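Comments concern the structure below.
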Amino acid sequence: MKQIVPLAKARALPLHRQPVTLLFLMAIAMPLSFATWSALLNNFVIEVAQFDGSDIGWLHTVREIPGFLAVGVIAVILFVREQTLAMISLGMLGVATALTAYFPSMGGLLFITLISSIGFHYYETVNQSLQLQWLPKDRAPQMLGLLVSAASAATLVAYGVIVVTWRAYDLSYAFVYMVSGALTLGIVAYCVVMMPHFEAPNPQVKKFVLRKRYWLYYALQFMSGARRQIFVVFAAFMMVERFSLDVDQITKLMLVTLVANMVLAPVLGQLVHRFGERNAMVFEYIGLILVFVAYGGIYWFGWGVMLATALYIANNIFFALALALKTYFQKIADPGDIAPTAAVAFTINHIAAVFLPALLGYLWLVAPGTVFALAAGMALVSLLLALIIPRHPEPGHETVFSAFAPAAPAE
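Numbering (the numbering used here) for the sequence shown: -14 to 396.
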């Protein structure tokens, strides 16, 4: 039977068996598969599967269905530890990525993408929960920034290898997908064999949790999911469709983005800690409004590939500030609510993701600039919501309106 170690005693373990090491290994394992899948996807579906804007929209709609059903994590953790579920989910992601190139049709890609997405989204849900349970509140923003950097470093390695070897060795999609999936599976195997089960001090509520006082967090999650989908689905697709960038060119773009994130993510974590979640999110959403309006200008005014490249990099840097939303919730949440609320929040985050890619895929065929204008509008709504966050959020003081709410009755 696997060793169970309370979190308070885990610091006595060797570094290679501590909870923070597990968080870093998982942060590295996930992007080795997912980032490679993303880097090759748009070229693969256009060159091999002959996709158009509508097809890619449907693919991403199917990819987001498991995210919408992430609330099912609550049922799964009744029977499986969160740490074990994270390993199973990463394993599914690795296997599906390894096999992606063997399904070069619409139906095949929808199937393998669904399997991959179940692994990705269930991992992300559980990973967020474990991060907030295992990291102390006073160090969470800085540590989350370092975890973002670790994930960026893993992605940097994956992208760097693709850039250097893709043309030089005339690599195939099948080979690259297979290697990246196998690397993820190797890390999963190490974590399963070497890591004990860590027991957090606060047992998690294992039922559906939807609390009125978390309403602002839910609203910000919904807008984040809707806005992010437009970027994830259409930004890189545009670079291939409109500017005919090749695999290594797209990967170089993502490489530059990752270097920027590696350097800036720890700094952004420090800034969130210093200036607070509200100021960080206000800065993020103002930046995203400007970026999405400029994306629309590429179609309305015929702006070129250099601006599109700069916008892609800027967009990803702003997205790194999403850690502020995590730490906002950590500050207002009951400790036992973290796991079920992470699952509920992931579902809320993916409500729009289930229908937006397919719906906007049809709009993309006739007015791609309008798609980005809608994203700018969503960023504006997010900005207005962020202004409701108090400077020092805590339980009972979740929004700036909390001071005007009637006091809770005494128990």
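Virtual Cβ for every residue (Gly too), placed ideally from N, Cα, C. Source: prediction; values computed, not measured.
Please classify residue i: does DSSP put it in a helix, a strand, or coil?
{"i": "residue 50", "result": "helix"}
{"i": "residue 3", "result": "coil"}
{"i": "residue 194", "result": "coil"}
{"i": "residue -6", "result": "helix"}
{"i": "residue 258", "result": "helix"}
{"i": "residue 67", "result": "helix"}
{"i": "residue 335", "result": "coil"}
{"i": "residue 352", "result": "coil"}
{"i": "residue 322", "result": "helix"}
{"i": "residue 289", "result": "coil"}
{"i": "residue 153", "result": "coil"}
{"i": "residue 187", "result": "coil"}
{"i": "residue 346", "result": "helix"}
{"i": "residue 40", "result": "helix"}
{"i": "residue 33", "result": "coil"}
{"i": "residue 365", "result": "helix"}
{"i": "residue 303", "result": "helix"}
{"i": "residue 160", "result": "helix"}
{"i": "residue 373", "result": "coil"}
{"i": "residue 165", "result": "helix"}
{"i": "residue 229", "result": "coil"}
{"i": "residue 122", "result": "coil"}
{"i": "residue 387", "result": "helix"}
{"i": "residue 393", "result": "Because residue 393 sits at a pLDDT of 48, beneath the cut-off of 50, its placement in the model cannot be relied upon, and the point is left open."}
{"i": "residue 88", "result": "coil"}
List the endpoints of the continuous alpha helix (DSSP H) containing residue i.
{"i": "residue 58", "result": "58 to 61"}
{"i": "residue 182", "result": "Note, residue 182: premise wrong, no alpha helix (DSSP H); beta strand (DSSP E) at 182 to 184."}
{"i": "residue 111", "result": "91 to 119"}
{"i": "residue 216", "result": "200 to 226"}
{"i": "residue 137", "result": "125 to 150"}
{"i": "residue 309", "result": "308 to 317"}
Could you check where the beta strand (DSSP E) with residue i kicks off and where it finishes?
{"i": "residue 276", "result": "First-last for residue 276: 262 to 285, but that is the alpha helix (DSSP H), not the beta strand (DSSP E)."}
Using DSSP bridges, identify the partner residues of residue i.
{"i": "residue -11", "result": "182"}
{"i": "residue 382", "result": "379"}
Just checking my contact of residue i with residue j at CB under 8 Å: how many whole Å lie between their CB atoms?
{"i": "residue 91", "j": "residue 40", "result": "6 Å"}
{"i": "residue 82", "j": "residue 165", "result": "6 Å"}
{"i": "residue 309", "j": "residue 276", "result": "Not confirmed; about 17 Å, so no contact."}
{"i": "residue 132", "j": "residue -8", "result": "Actually they do not touch by this definition, with Cβ atoms about 17 Å apart."}
{"i": "residue 314", "j": "residue 202", "result": "5 Å"}
{"i": "residue 279", "j": "residue 189", "result": "At roughly 42 Å, the Cβ-Cβ gap does not stay under 8 Å, so residue 279 and residue 189 are not in contact."}
{"i": "residue 401", "j": "residue 27", "result": "The structure shown does not extend to residue 401, since the chain is modelled only from -14 to 396, so the question has no answer here."}
{"i": "residue 340", "j": "residue 215", "result": "Residue 340 to residue 215, Cβ: 13 Å. No contact."}
{"i": "residue 25", "j": "residue 232", "result": "6 Å"}
{"i": "residue 368", "j": "residue 284", "result": "That pair is no contact at about 24 Å."}
Checking 8 Å against the spacing of the C-beta atoms, do residue i and residue j come in under that value?
{"i": "residue 35", "j": "residue 182", "result": "no"}
{"i": "residue 302", "j": "residue 361", "result": "no"}
{"i": "residue 79", "j": "residue 18", "result": "yes"}
{"i": "residue 205", "j": "residue 253", "result": "no"}
{"i": "residue 143", "j": "residue 16", "result": "yes"}
{"i": "residue 297", "j": "residue 220", "result": "yes"}
{"i": "residue 208", "j": "residue 370", "result": "yes"}
{"i": "residue 77", "j": "residue 104", "result": "yes"}
{"i": "residue 136", "j": "residue 12", "result": "yes"}
{"i": "residue 129", "j": "residue 116", "result": "yes"}
{"i": "residue 113", "j": "residue 338", "result": "no"}
{"i": "residue 141", "j": "residue 240", "result": "yes"}
{"i": "residue 126", "j": "residue 248", "result": "no"}
{"i": "residue 72", "j": "residue 177", "result": "yes"}
{"i": "residue 75", "j": "residue 161", "result": "no"}
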